[in-house]
Structures are given as structure tokens and as C-alpha cells.
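Structure first, commentary second.
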Amino acid sequence: MEKFAKQFANANIYGSLMTVNAPEGLDEAVSDFLPTFGLNQRQLEMMRRITNIISQKYDVVCTNPPYMGGSNMNAVLSDFVKKNFPDSKSDLFACFIERCGMLAKQHGYYAMITQHSWMFLSSYEKLREKLSAKNYVNMAHLGARAFDEIGGEVVQTTAFVHGSKHINNYSGTYTRLVDIVGEIEKRDLFLSGEKRYTTKQENFSKIPGAPVAYWVSENVIKA
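Mapping the sequence shown onto the working numbering, position 221 (from 1) lands on 425, and the numbers just tick up by one.
Take a look at the structure:
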């Protein structure tokens, strides 16, 4: 009981980034030891419900994850992501890219909208190496001003679907919407079928740093 409960010590900080395991013999221990650790039945049931939700695998995982840079994390959260997500610790959204991959079944999919910095920055190079073992199914590279209520050029986003299992020589589809301003305009361009690129993700590793440069020509890749 104590081992199980301790896993939830910082649950309000870690959220669904945390992993929880229910020890063997938990059911038998409930009736004998529940009052001993200051838990009531409602708290225990909530813990068990959370455990079931975040420990099972899903056919599809879909989310707009939380965003928070490492410099804005408190000490507890910062230590947690550095320990558990060393390749994506720079921002919570990147940690959730890894976490959603863990929550998807072997032949499942996870779909997200995140900042696009993971595609290019050197701080996410190891994350991109991990993602190369998955499958880039498709992407709508939205860039800045994807949402009319968010002004400025600070938030630059991409929406993508990854498959949990890598398929060799699969050509993903990428729509480049970064040069268009406004959510309606980006939507219309996406639906028009223009600005679409197909490429094998193996090509990314041919470029130093392995950026997700889906739009570059064959000549650039050869160079």
C-alpha cells in the first residue's frame, strides 16, 4: 500500500507524464492496511483509476499537450523530466511526444499539435533519432499564426500523425502552410491539395542534425 501510494506523491505536478505500477497483492492489502497510511477508499479508487488510464496501451492517442520551457519548471518537475525524458527535457510538449508514443500500441498511432521547434533545433536531435524508429505518417506544418486568437510569430506549430511501428521506405505526406497567415487561409490551402510533399523519412538522417526537412530537393539530400 505504501509503495503504491508513494508513486502519487507529485501526481499534480507530473500529470500523465508519470508511470504508475500496481504492486502484486494490492487487493489483499487494502482491507488490512488502508487506514494505516492515512488513505480513504475514495482516494484509493482514484489512484487505481489513474493507474489503469496511464498504464494501458491505446490504438490512438491524440492531444494538444501542455507547453512549458525548462527554465519555467519548478525544481521537482525539472528533476523529473531530466531523469525520465533526457532527450526532450527542453519543453513539456516534447516530453509528451515521447510519452504519447509510449501510450500507443505497437501498431497504433498518435496525433499531436505542438510547437515545431523539435523538428529543427539541435537540443532535440536525440529526440529526432528516437522518432526515426517510428513512422512519420503525415504532417500539416502550420508555422506561425495558425490560430487567429494567438497573435505574433512566437508560437509556430505543426500537426502530425506518427505510427508506433516503423515501415521501411514509407513515404509520408507533408503539407507546408508556413507562408500563409490565418487559420482559415491555412485550412483552405491544406484542403486544396497544394504545397504537399512526399518523402521518405530516411532522407532526414542524410542531413547533418537530421532535421525534418521534408521540402528539400533531391540535390540538397545528395549534397
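The C-beta atom is built at its ideal place from N, Cα and C for all residues, glycine as well.
Considering residue i, what are the terminal residues of the alpha helix (DSSP H) in which it resides?
i, result
"residue 396", "387 to 396"
"residue 368", "Where residue 368 is concerned, there is no enclosing alpha helix (DSSP H), given that its DSSP letter is neither H nor E."
"residue 250", "245 to 259"
"residue 424", "422 to 426"
Should residue i and residue j be called a contact, given that it needs their Cβ atoms to be closer than 7 angstroms?
i, j, result
"residue 297", "residue 271", "yes"
"residue 379", "residue 399", "yes"
"residue 309", "residue 369", "no"
"residue 338", "residue 366", "yes"
Grab the span of the beta strand (DSSP E) containing residue i for me, first residue to last.
i, result
"residue 347", "339 to 348"
"residue 375", "375 to 380"
"residue 218", "It is not in any beta strand (DSSP E) - residue 218 instead sits in the alpha helix (DSSP H) that spans 215 to 218."
"residue 404", "400 to 404"
"residue 223", "Neither: residue 223 is in no beta strand (DSSP E) and is coded neither H nor E."
For my contact list, residue i and residue j are in at a C-beta cut-off of 8 angstroms; report their separation, rounded to the angstrom.
i, j, result
"residue 213", "residue 251", "Residue 213 to residue 251, Cβ: 11 angstroms. No contact."
"residue 263", "residue 219", "That belief does not hold up - the Cβ atoms of residue 263 and residue 219 are roughly 22 angstroms apart, past 8 angstroms."
"residue 432", "residue 316", "The displayed coordinates of the chain run from 205 to 427. Any statement about residue 432 would go beyond what the structure contains."
"residue 336", "residue 405", "7 angstroms"
For residue i and residue j, I'd like the C-alpha separation in whole angstroms.
i, j, result
"residue 253", "residue 274", "30 angstroms"
"residue 258", "residue 330", "25 angstroms"
"residue 417", "residue 230", "49 angstroms"
"residue 322", "residue 206", "38 angstroms"
"residue 420", "residue 247", "54 angstroms"
"residue 232", "residue 340", "45 angstroms"
- prompt: If you scan the stretch 284 to 335 from start to end, which runs of the beta strand (DSSP E) of 3 or more residues do you find wholly inside it?
  reply: Taking only runs of at least 3 residues, the beta strand (DSSP E) segments lying wholly in the stretch 284 to 335 are 308 to 319.
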